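Reading the sequence shown from the start, the letters are residues -5 to 333 in my numbering. For every residue, glycine included, the Cβ atom is placed at its ideal position computed from N, Cα and C. It should be emphasised that the depicted structure is a prediction, and the values quoted were computed from it without experimental measurement.
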Amino acid sequence: MSNESINWDKLGFDYIKTDKRYLSVWRNGEWDNGTLTEDNVLHISEGSTALHYGQQCFEGLKAYRCKDGSINLFRPEQNAARMARSCARLLMPQVPSEVFVEACKQVVKANEKFVPPHGKGALYLRPFVIGTGDNIGVRTAPEFIFSIFAIPVGSYFKGGMKPHNFQISSFDRAAPQGTGAAKVGGNYAASLQPGLDAKKANFADAIYLDPLTHTKIEEVGSANFFGITANNEFVTPKSASVLPGITRLSLMELAQSRLGLTVIEGDVEISKLDRFVEAGACGTAAVITPIGGIEYNGKLHVFHDLEKVGPVTQKLYNELTGIQSGDVEAPAGWIVKVV
-5 MSNESINWDK LGFDYIKTDK RYLSVWRNGE WDNGTLTEDN VLHISEGSTA
45 LHYGQQCFEG LKAYRCKDGS INLFRPEQNA ARMARSCARL LMPQVPSEVF
95 VEACKQVVKA NEKFVPPHGK GALYLRPFVI GTGDNIGVRT APEFIFSIFA
145 IPVGSYFKGG MKPHNFQISS FDRAAPQGTG AAKVGGNYAA SLQPGLDAKK
195 ANFADAIYLD PLTHTKIEEV GSANFFGITA NNEFVTPKSA SVLPGITRLS
245 LMELAQSRLG LTVIEGDVEI SKLDRFVEAG ACGTAAVITP IGGIEYNGKL
295 HVFHDLEKVG PVTQKLYNEL TGIQSGDVEA PAGWIVKVV
């Protein structure tokens, strides 16, 4: 596909076939050297464990165009580390961090023309590992594929950086001692029905409570939750079934080091939303989505405003996106230059 046909001002979060993707195969106990390919179709055995038993995981990270034309890759080592943890949880071979980062750089370079102009979006990278090979029993796969493709993206939610409303779901996203902390497809499959129900009710997405007691907020759709208190605290859930997001981690560090907030990882009880003057969802795809209100038991709890972004949330957004796009000085080690 030619990048000339892309309207950079109207980018959403949709699949666009780009020129090259990275592909590596694990067999006989080791990964091969990997290669870039134009083929966006995977050829796998009908007995692949990824198809039958959900033996797969994935990641998401972005590359950003700077004003000087160079390209920033944001914290890829953190994604490599999280993918390694997900692979370990599902008995899949881990991809070495240096291999992961180098593969990401190769994909960005090969698709450089698809990196949006400065301030117009980002190139989203989707690394994944899947179990393949001829198999039928419930066991780890005889072979695996590690691949990365890239697409240019804009805002995940329509309207971009403006408050959205969310609905508490009665469904569980993950089990108490399950795979909630791993980035695996099953967690997202479980969210399809409640997400659709929320959208039908005119909400942006569903919010999931802790699967054990259903009293504490855990995740917002496929993103992490944070709340800001009147006492200048940045509060985010801590739970074994919450995915440890890289955007969440980055905001925690920035909230403390650059905004002077007190960072708290702990329980976010649904009955005590009044403690927050602002709230938001954060993740690689959404970056930050301000939460205007949360519906629970038929009542909408409003935070800062249904139309305006809260001041602390806006500062966090400006700081983070400024770092990603090269407009704000980044903490040491956060940026990997691609070109």
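| message | According to DSSP, is Q335 part of a helix, a strand, or is it coil? | response | Residue numbering for the chain in the displayed model covers -5 to 333; residue 335 lies beyond these limits and cannot be assessed.
| field | Own chain partners of Y9 with C-beta closer than 8 Å, once the 5 adjacent residues on each side are dropped | value | Walking along the sequence shown from the start, residue 9 turns up at place 15. Taken in chain order, the residues that qualify are I145.
| task | Measure the alpha-carbon distance for E106 versus P170 and round it to whole angstroms. | result | Residue numbering aside, residue 106 sits at position 112 when the sequence shown is read from its first letter. Residue numbering aside, residue 170 sits at position 176 when the sequence shown is read from its first letter. Their Cα atoms are separated by approximately 42 Å.
| message | Taking the alpha-carbon of A224 as reference, which of T209, A273, G189 and I264 has the nearest alpha-carbon? | response | Start at 1 with the first residue of the sequence shown, and residue 224 comes out as number 230. Closest by alpha carbon: A273.
| As assigned by DSSP and simplified to three states, the class of L245 | Counting from one through the sequence shown, the residue named residue 245 turns up at place 251. Assignment of L245 by DSSP, reduced to helix, strand and coil, places it in the helix class.
| query | Which ranges does the alpha helix (DSSP H) cover as unbroken runs of at least 4 residues, wholly within the region 284 to 312, from first to last along the chain? | reply | Qualifying alpha helix (DSSP H) stretches: none in this window.
| With which residues is S18 paired in a DSSP beta bridge? | Residue numbering aside, residue 18 sits at position 24 when the sequence shown is read from its first letter. DSSP, once it has assigned bridges, lists F140 as partnering S18.
| For D13 and E24, the rounded distance between their alpha carbons | Sequence index remark: in the sequence shown, residue 24 carries index 30 (1-based). Sequence index remark: in the sequence shown, residue 13 carries index 19 (1-based). In a straight line, the C-alpha of E24 is about 27 Å away from that of D13.
| For L314, does the three-state DSSP call read helix, strand or coil? | Here the question's residue 314 lines up with position 320 in the sequence shown. Judged by DSSP in its simplified three-state form, L314 adopts helix.
| Are the region 188 to 199 and the region 254 to 274 touching by the rule of at least three beta carbon pairs closer than 8 Å? | Pairwise C-beta distances place the region 188 to 199 out of contact with the region 254 to 274, as fewer than three of them are shorter than 8 Å.
| said: Can you tell me whether D199 is helix, strand or coil according to DSSP? | reply: As a first step, residue 199 is located in the sequence shown; it is residue number 205 there, counting from the start. Here D199 sits in strand by DSSP.
| For A57, which beta-bridge partners are listed by DSSP? | Within the sequence shown, the letter at position 63 stands for residue 57. Under DSSP, the beta-bridge partners assigned to A57 are L67 and L117.
| Option nearest N66 by Cα separation, candidates N(-3), F140 and A116 | Against the sequence shown, residue 66 aligns to sequence position 72. Ranked by Cα distance from N66, the options N(-3), F140 and A116 are led by A116.
| task | Enumerate in chain order the residues of its own chain whose CB-to-CB distance from N218 is below 8 Å, with the five nearest sequence positions on each side excluded. | result | Numbered from its first residue, the sequence shown carries residue 218 at position 224. Here the set comprises T230, P231, V236, L237, G239, T241, R242, A275, C276 and G277.
| CB contact flag (K210, V281, <9 Å) | Walking along the sequence shown from the start, residue 210 turns up at place 216. Walking along the sequence shown from the start, residue 281 turns up at place 287. Going by C-beta atoms, K210 is not nearer than 9 Å to V281.
| field | Buried/exposed call for S164, threshold 16 Cβ in 10 Å | value | The residue you call residue 164 lines up with position 170 of the sequence shown. Its Cβ having fewer than 16 others within 10 Å, S164 is exposed.
| field | Among N226, D62 and V132, nearest to H112 - alpha-carbon criterion | value | Here residue 112 corresponds to residue number 118 of the sequence shown, with the count starting at 1. If you compare the alpha carbons of N226, D62 and V132 with that of H112, the shortest gap goes to D62.
| task | Along the beta strand (DSSP E) that carries N27, what are the first and last residues, could you check? | result | The count along the sequence shown starts at 1 and reaches residue 27 at position 33. Per DSSP, N27 is not a residue of any beta strand (DSSP E), being assigned neither H nor E.
| field | Other residues of its chain near G127: CB distance less than 6 Å, five sequence neighbours each side excluded | value | The count along the sequence shown starts at 1 and reaches residue 127 at position 133. Correct list, in chain order: S39, A135, P136 and E137.
| For T126: DSSP bridge partner residues | By one-based count along the sequence shown, residue 126 stands at place 132. For T126, which the question treats as bridged, DSSP gives the partners E137.
| query | How many Å lie between S149 and I288 at the Cα? | reply | Position 155 of the sequence shown, counted from the start, is the residue given in the question as residue 149. Position 294 of the sequence shown, counted from the start, is the residue given in the question as residue 288. S149 and I288 have their C-alpha atoms spaced approximately 21 Å apart.
| If you check the beta carbons only, do T307 and V214 fall under 9 Å apart? | Sequence index remark: in the sequence shown, residue 307 carries index 313 (1-based). Sequence index remark: in the sequence shown, residue 214 carries index 220 (1-based). No, Cβ-Cβ distance for T307 and V214 is not below 9 Å.
| query | Under the three-state reduction of DSSP, which class applies to P146: helix, strand or coil? | reply | Translated into the one-based positions of the sequence shown, residue 146 becomes position 152. Correct three-state label for P146: strand.
| said: On a Cα-Cα basis, can you pick out the residue from N181, V101, V123 and M155 that is closest to V333? | reply: Within the sequence shown, residue 333 is the residue found at index 339, counting from 1. V333 has its Cα closest to that of V101, out of N181, V101, V123 and M155.
| message | Taking the alpha carbon of Y16 as the reference point, which residue from M86, R120 and P70 has its own alpha carbon closest? | response | By 1-based counting over the sequence shown, the position of residue 16 is 22. Closest by alpha carbon: R120.
| message | Quick check: what's the CA-CA separation for A234 versus M155? | response | Residue numbering aside, residue 234 sits at position 240 when the sequence shown is read from its first letter. Residue numbering aside, residue 155 sits at position 161 when the sequence shown is read from its first letter. Per the coordinates, the alpha-carbon of A234 lies some 29 Å from the alpha-carbon of M155.
| task | Give the straight-line distance between the Cα atoms of R167 and D199, rounded to the nearest whole angstrom. | result | Counting from one through the sequence shown, the residue named residue 167 turns up at place 173. Counting from one through the sequence shown, the residue named residue 199 turns up at place 205. Rounded to whole angstroms, R167 to D199 spans 13 Å at the Cα level.
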